[in-house]
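The structure appears below as structure tokens.
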Amino acid sequence: MQIFRLIGPVAALCASLAAAPLAAETDPVSHFTLDNGMDVVVIEDHSAPVLQHMVWYRAGAADEPVGSTGVAHFLEHLLFKGTDTLAPGEFSATVAANGGQDNAFTSYDYTAYYQRVAADRLELMMRMEADRMRNLRLSEEDIATERDVILEERNQRVENDPRALFNEQMAASQYLNHRYGAPVIGWKHEMEALDRTDALSFYETYYSPNNAILVVAGDVTPDEVRTLAEKYYGVIPSNPDLPERVRSQEPPQTAARRLTFKDPRVAQPYINRSYLAPERDSGDQEKAAALLLLANLLGGGPTGFLADRLQFEDQIAVHSGAYYGGTSLDDATFDLIVVPEDGVSLEEAEAAMDAALAEFMEKGVDAEHLERIKTQARASEIYAGDSLDNLANRYGRALTTGLTVEDVQAWPEVLQAVTPEDIMAVAHEVLRPEASVTGWLMRADPSKQEQEVTQ
Amino acid sequence: MNRAFTWILAAATAVMMAMPALAAVEIEEIETPGGLTAWLVEDHNHPFTVLELRFRGGSSLDAPDKRGAVYLMMGLLEEGAGELDSREHARALERIAASVDYDSSDDEVTITARFLTESRSEAMALLHDAIHDPHFDADSIERVRRQVLSSLSNDLKDPNAIAGRAFSEMAYGDHPYGSPGEGTIESVSALTREDIVAAHEAVFARDRVYIGAVGDITAPELATVVDDLLGDLPDTGAPLPGPADVALEGGVTVVPFATPQSVAYFGHKGIERDDPDFFAAYVLNHILGGGGFESRLMNEVREKRGLTYGVYSYLVPKDLAAMYMGSVASGNDRIAEAIEVIRDEWARMAEDGVTQKELDEAKTYLTGAYPLRFDGNGRIASIMLGMQMQDLPTDYIATRNDKVDAVTLEDVNRVARELLDPDALHFVVVGQPEGLSSTTGSEG
Chain X
963 MQIFRLIGPV AALCASLAAA PLAAETDPVS HFTLDNGMDV VVIEDHSAPV
1013 LQHMVWYRAG AADEPVGSTG VAHFLEHLLF KGTDTLAPGE FSATVAANGG
1063 QDNAFTSYDY TAYYQRVAAD RLELMMRMEA DRMRNLRLSE EDIATERDVI
1113 LEERNQRVEN DPRALFNEQM AASQYLNHRY GAPVIGWKHE MEALDRTDAL
1163 SFYETYYSPN NAILVVAGDV TPDEVRTLAE KYYGVIPSNP DLPERVRSQE
1213 PPQTAARRLT FKDPRVAQPY INRSYLAPER DSGDQEKAAA LLLLANLLGG
1263 GPTGFLADRL QFEDQIAVHS GAYYGGTSLD DATFDLIVVP EDGVSLEEAE
1313 AAMDAALAEF MEKGVDAEHL ERIKTQARAS EIYAGDSLDN LANRYGRALT
1363 TGLTVEDVQA WPEVLQAVTP EDIMAVAHEV LRPEASVTGW LMRADPSKQE
1413 QEVTQ
Chain P
13 MNRAFTWILA AATAVMMAMP ALAAVEIEEI ETPGGLTAWL VEDHNHPFTV
63 LELRFRGGSS LDAPDKRGAV YLMMGLLEEG AGELDSREHA RALERIAASV
113 DYDSSDDEVT ITARFLTESR SEAMALLHDA IHDPHFDADS IERVRRQVLS
163 SLSNDLKDPN AIAGRAFSEM AYGDHPYGSP GEGTIESVSA LTREDIVAAH
213 EAVFARDRVY IGAVGDITAP ELATVVDDLL GDLPDTGAPL PGPADVALEG
263 GVTVVPFATP QSVAYFGHKG IERDDPDFFA AYVLNHILGG GGFESRLMNE
313 VREKRGLTYG VYSYLVPKDL AAMYMGSVAS GNDRIAEAIE VIRDEWARMA
363 EDGVTQKELD EAKTYLTGAY PLRFDGNGRI ASIMLGMQMQ DLPTDYIATR
413 NDKVDAVTLE DVNRVARELL DPDALHFVVV GQPEGLSSTT GSEG
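Which chain is which? The protein sequence lines are X and P, in order. Sequence positions in the first sequence follow our numbering and run 963 to 1417. Sequence positions in the second sequence follow our numbering and run 13 to 456.
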């Protein structure tokens, strides 16, 4: 059973082994580009008369101007307000009145809007989504009320959860110069100052067809999608002033960092170690594939090396894990987490974690373990074909983080081709103390745990 | 960051034409040679199957002073069985890329296995051992016990968990529903191997098992799998507890906890799943606070006033009690206003009911969104097992939208008057709410 549900890594989403497309012989994916530069991906699945319609913008929190953290996410909320032809809320009302569901999400590298509807409602969805790409209308009242909502969202996701506050501090320490160091939802003091001008400025800069990807998955043909997409999205002029995605990059990291975060609401202290790690790059995914396999070897459940040493051989930890989220535009992180047993100090747990890591580096990859993980990766291609949502998200996320359809389709082969030597090489390259942050989440009161670690 | 659950104005958009036919989810009921019943949806598009098993009773089968025994027992099934120890069992599953999830809740335990067609027999052999021959060895018991204790200590400092538990305790008292199925630090610390073995015997029996499979498997193949897997279970397990008395009075209970945002759970008595008015109540709840996007609560509390990121209400028809509940979270300085608005909406709905337009829109949404649920073998299996446990027929999926459409305005508004009682609503608030204190007679 999954007893630890709430402990996750720092910044990025975790890439899972399931990040693999269907086998090539049944490839249902088509890809084309409209004249105005809008990318289109169609994933056919005719097993049920439903589809998912998504528009992804290559604009997320890491594209925000200085001083406006959170504006990408704020704008995402505001896109459900009115346009010239739709009253505030009418977008979602119309989707619901058609028996559909809609929502949106924001991350560092993208903002995405989607609807799940009966297949014959595609045209209506496109008409409305194309409308709000251009014609958003915001009142001052919309701004004030929705700003309160995102502040309550921050309360719920972050301020009320010491683990989330700790994660923010970890990311801020990991990234010396990159926007990934600030939270997607924004720092509270900057969120409070976001206004209509901030939101509209981000909208005018980034919301245009040449900065967007249309993904349609389900009971539809590429020809149907192309005809409708040309009619609704194709008529929107591209934005000639679309800025290049230039972000401040990380300098060489040369100092191991440590932090302690204390909060009286912490019941179970733990350690998070993060390392700056390369991301998946187009045509160059080998390192990322090796890192993903490394994370599974070290911390992929009860068979991982850390669990073996810290939970089974020695009773040091109640939980351990390793995570790598490589689907990002810029540098990602590789994370280790160890939750010590009651009576084991964070200092002892960290020493045991480092000892296990050193032993792994010394012994190298267990070939049989690697083979099991690769088998799971192959099977995940079969299992993944079962969910439209997962397939659609996979392509949207890839295309907003600098990858191509071909990269997504090559990924399973790249994973299978990784050798034990590749994994050890990338482990030596990435698991460097100088590029790491070690964080201790601790109880704030002078509790047993704290006495132990300061003795 | 997810925008989640925006609302919508009841905007005057033209409602489009009727929904298309439902996806063809054809359920076949099979009787095995060994006398067990299983439901099957064959789908040979992908070479794998999801097999889900549920055993009615769940953590409510815990003896009164053994709270958490069923939960701990379920967590131990994958920790060594048959000839394999814990790590060997996990590796064996990895080798064939199969997965088995074990879960325990108030009314049932659930085992969900996902396996490739090519390694079906190996997967079933491992699952057979986990169900019939778990080791419950001392090392594993201690290791998993410490995980549970760690998780329980987290819950003591989590405002959501605190609120949920305080609410259940007030609502259900000494009934198993009144305490967490995971147990308490005291009860879990005291559990012995004998308690775990007893929980195993209490839970797994033929008289309470429900079986469903979706995917790349035929009826004869499934019959063989089921008989091999479950044929030698004992006929009966422990008796199920009786119904819970819902002893909740209207009011407010504040549980002080130093955190910036107060978390509130609220509710009163609900409606049974087999009540003739259940569908009317279901549609009513969608309009009040059930749907993500178009509920009155979301409109009033979030969209008009910006008091919260999310507010919801939901029917909770459990096997042994029925509640009508809701939840909201707002900053400590705003939660009192949020609660006032929720109470007002509860009262307005009880008095005035819904409009014909609201009812029509709710039906369009509910009937149109229903086919969207059947996305994937795992989801279909879960829906199918829910149907079995509610004693619904195999053709329910095809008739469910007709039941929604048959609800009339008179039904909904009569049920609103009968079911909704703003004076009976009890709010449990965890945080440092300004301008709110516990009403007399309640704890906190």
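All C-beta atoms, glycine included, are put in the ideal place defined by N, C-alpha and C.
| query | Taking just the CA atoms, how far does ALA1218/X sit from VAL1177/X? | reply | Note on geometry: alpha-carbon atoms of VAL1177/X and ALA1218/X lie some 41 Å from one another.
| If we cut at 8 Å on Cβ distances, does LYS169/P have a partner in chain X? | Chain X contact via Cβ: present.
| task | Compute the beta-carbon to beta-carbon distance between VAL1120/X and GLN159/P, rounded to the nearest angstrom, for a pair I have assumed lies under 8 Å. | result | Not quite, the Cβ-Cβ distance comes to about 26 Å (not below 8 Å), so this is no contact.
| said: Excluding the 5 residues flanking ARG126/P on each side, which residues of the same chain have their C-beta closer than 6 Å to its C-beta? | reply: Around ARG126/P: VAL62, SER111.
| field | Under 8 Å between C-beta atoms of LEU332/P and ALA1341/X | value | Going by C-beta atoms, LEU332/P is not nearer than 8 Å to ALA1341/X.
| query | Span of the alpha helix (DSSP H) holding TRP358/P? | reply | That run of the alpha helix (DSSP H) goes 347-364.
| message | If I measure Cβ to Cβ from GLY1022/X and keep anything under 8 Å in the same chain, skipping five residues before and after, which residues do I get? | response | Excluding sequence neighbours, GLY1022/X sits near ALA1034, THR1068, SER1069, TYR1070, ASP1071, TYR1072, THR1073, VAL1146, THR1362.
| field | Pairwise C-alpha distance: SER72/P and PRO188/P | value | Between PRO188/P and SER72/P, the C-alpha separation is close to 5 Å.
| Proximal residues to MET1315/X (C-beta, below 6 Å), its chain only, five neighbours per side dropped | Cβ within range, chain order: VAL1300.
| query | What first and last residue would you give for the beta strand (DSSP E) that runs through VAL440/P? | reply | In the DSSP assignment, VAL440/P falls within the unbroken beta strand (DSSP E) covering 438-443.
| query | Hey, how far is the Cα of ARG132/P from the Cα of ALA225/P? | reply | Distance between the alpha carbons of ARG132/P and ALA225/P: 13 Å.
| task | Return yes when the C-beta of TYR222/P is under 7 Å from any heavy atom of the ligand GTP, and no when it is not. | result | In the structure shown, the ligand GTP is absent, as is every other ligand, since no ligand is present at all.
| said: Any beta carbon of chain P sitting closer than 8 Å to that of GLY1062/X? | reply: Yes, its Cβ sits closer than 8 Å to a Cβ of chain P.
| field | Whole-angstrom distance between VAL424/P and LEU327/P, CA atom to CA atom | value | Just so you know, the alpha carbons of LEU327/P and VAL424/P end up roughly 15 Å apart.
| According to the Cβ coordinates, are LEU1308/X and PRO1226/X closer than 8 Å? | No, these two residues do not count as a Cβ contact at 8 Å.
| task | Could you run through the region 263-289 of chain P and flag, in chain order, every residue whose CB is less than 7 Å away from some CB of chain X? | result | Correct list: ALA270, THR271, PRO272, GLN273.
| Mind pulling the chain X residues with CB within less than 9 Å of ALA109/P? | Going along chain X in sequence order, the residues near ALA109/P (Cβ under 9 Å) are ARG1334, THR1337, GLN1338, ALA1339, ARG1340, ALA1341, SER1342, ILE1344, TYR1345.
| said: Any contact between the region 1164-1183 of chain X and the region 1030-1048 of chain X? By contact I mean 3 or more CB pairs, one from each, below 8 Å. | reply: Yes, they touch.
| request: Could you tell me which residues DSSP puts in a beta bridge with LYS1224/X? | output: Paired residue(s): MET1404/X.
| task | Can you give me, in chain order, the residues of the region 118-149 of chain P that have a beta carbon less than 8 Å from any beta carbon in chain X? | result | Residues of the region 118-149 of chain P that bring their beta carbon within less than 8 Å of a beta carbon in chain X comprise ARG126, LEU128, in sequence order.
| said: Please list, in chain order, the residues of the region 363-397 of chain P that have any C-beta partner in chain X closer than 7 Å. | reply: Per Cβ criterion, the list reads GLU373, THR376, TYR377, THR379, GLY380, ALA381, PRO383, LEU384, PHE386, ASP387, GLY388, ASN389.
| field | Selection of the region 1006-1034 of chain X by Cβ proximity to chain P, strictly under 7 Å | value | Residues are counted here when their Cβ sits less than 7 Å from a Cβ of chain P; for the region 1006-1034 of chain X these are SER1009, ALA1010, PRO1011, VAL1012, given in chain order.
| Residues, ordered as in the chain, of the region 322-347 of chain P that lie near chain X by beta-carbon distance below 7 Å | Listed by position, the residues of the region 322-347 of chain P near chain X (Cβ gap below 7 Å) are ALA341, SER342, GLY343.
| By Cβ distance below 8 Å, which residues in the same chain neighbour HIS58/P in space, the five residues on each side in sequence not counted? | GLY227, ASP228, ASN389, listed in sequence order.
| SER165/P: contacting residues in chain X (beta-carbon distance under 9 Å) | In chain order: ALA1229, GLN1230, ASP1304.
| message | Please report whether the beta-carbon of VAL1301/X lies at a distance below 8 Å from any beta-carbon of chain P. | response | It does; some Cβ of chain P falls within 8 Å.
| With burial defined as no fewer than 16 other Cβ atoms inside 10 Å of the residue's Cβ, what is the status of PRO1240/X: buried or exposed? | Classification of PRO1240/X: buried, given that the 10 Å Cβ count is 16 or more.
| field | chain P contacts made by the region 1096-1126 of chain X, where a contact means CB separation under 9 Å | value | For chain P, the residues of the region 1096-1126 of chain X that bring a beta carbon within less than 9 Å of one of its beta carbons are ALA1106, THR1107, GLU1108, ARG1109, ASP1110, VAL1111, ILE1112, LEU1113, GLU1114, GLU1115, ARG1116, ASN1117, GLN1118, ARG1119, GLU1121, ASN1122, ASP1123, PRO1124, in chain order.
| request: Determine, using beta carbons only, whether THR1265/X and ALA102/P come nearer to each other than 8 Å. | output: The criterion of a C-beta distance shorter than 8 Å is satisfied by THR1265/X and ALA102/P.
| Under 7 Å by beta carbon: chain P residues contacting PHE1128/X | For the C-beta of PHE1128/X, not a single chain P residue is nearer than 7 Å; the gap to the nearest is close to 14 Å.
| field | Beta-carbon proximity list for LYS1249/X, same chain, < 7 Å, skipping 5 on both sides | value | The beta carbon of LYS1249/X is closer than 7 Å to those of PRO1240, VAL1388 in its chain, skipping five residues each way along the sequence.
| field | Bounding residues of the alpha helix (DSSP H) (the contiguous stretch that carries VAL200/P) | value | The continuous alpha helix (DSSP H) containing VAL200/P extends over residues 197-202.
| query | Quick one: is SER1210/X buried, meaning 16 or more other Cβ sit within 10 Å of its Cβ, or exposed? | reply | Around the Cβ of SER1210/X, a 10 Å sphere holds fewer than 16 other Cβ atoms; the residue is exposed.
| field | chain P within 8 Å of PRO983/X, Cβ atoms only | value | Residue placement at PRO983/X is poorly supported in this model, since its pLDDT is 36, which falls under 50; the coordinates still yield a value, given next. Output row for PRO983/X: interface = no.
| message | Contact criterion: CB-CB distance below 8 Å. Does SER960/X meet it with respect to chain P? | response | No statement about residue 960/X is possible, as the shown extent of chain X runs from 963 to 1417 and does not include it.
| said: Beta-carbon within less than 6 Å of GLY1283/X's beta-carbon, same chain only, minus the 5 sequence neighbours each way: which residues are those? | reply: Closer than 6 Å at the Cβ level, and outside the excluded window around GLY1283/X, lie GLY1261, ILE1299.
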